[in-house]
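Residue numbers (my numbering): 31 to 136. Here the structure is laid out as structure tokens; the discussion comes afterwards.
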Amino acid sequence: DLYDAMGADASAMYAHIQPDAIAHVLALKACAQCGDLQRGAQIHRLHHASHAHNIQFNNALIDFYGRVNAIDSAEQVLQAMSLKMTIDAVSIGSMMNAYIHHHRYK
Numbered sequence: 031d032l033y034d035a036m037g038a039d040a041s042a043m044y045a046h047i048q049p050d051a052i053a054h055v056l057a058l059k060a061c062a063q064c065g066d067l068q069r070g071a072q073i074h075r076l077h078h079a080s081h082a083h084n085i086q087f088n089n090a091l092i093d094f095y096g097r098v099n100a101i102d103s104a105e106q107v108l109q110a111m112s113l114k115m116t117i118d119a120v121s122i123g124s125m126m127n128a129y130i131h132h133h134r135y136k
């Protein structure tokens with residue numbers, strides 16, 4: 031169950047075991063599937079500083095925000111990435127998917 035996957039991430043944090051970026055990427059994917067904007071945004075707030083230069087984490091954020099129709103947040107993540115690292119094809123593809131899925135293209 032997707033909520034169980036997210037619960038494991040939270041349980042590990044409460045047990046003073048710091049989940050790594052991969053655990054947070056998986057939790058963001060679960061939040062995207064469930065449409066849980068609140069929990070995904072919480073993961074972003076709590077862990078972005080420690081994973082700011084991790085391209086997989088940032089790509090997961092773009093994908094997450096795109097899937098929950100928070101396009102402005104996805105754009106902000108992409109913009110912040112462009113200042114810190116080289117954006118890859120996955121980053122651009124995730125943003126394009128968000129635009130297309132929510133009919134925000136011209």
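Note that CB positions come from ideal geometry on N, CA and C, so glycine has one too.
The C-alpha of HIS77 is placed about 11 Å away from the C-alpha of ALA53. Per DSSP, the continuous alpha helix (DSSP H) segment holding HIS131 begins and ends at 119-131. Close CB contacts of GLU105 within its chain, under the 8 Å cut and outside five residues either way in sequence, are with MET125 (chain order). In this structure, the straight-line span from the alpha carbon of HIS74 to that of LEU91 is close to 7 Å. Beta-carbon to beta-carbon, ASN99 and VAL120 are separated by about 20 Å, too far to satisfy the 8 Å threshold. Taking each of GLY65, ALA51, SER80 and ILE101 in turn and checking the Cα distance to HIS132, the smallest one comes out for ILE101.
Annotation: the continuous alpha helix (DSSP H) that includes MET111 extends over 101-114. Note on geometry: alpha-carbon atoms of GLY65 and SER103 lie some 15 Å from one another. In the DSSP assignment, GLY70 falls within the alpha helix (DSSP H) that extends over 67-77. Cα atoms of GLN86 and LEU58: separation of roughly 11 Å, rounded to the nearest angstrom.
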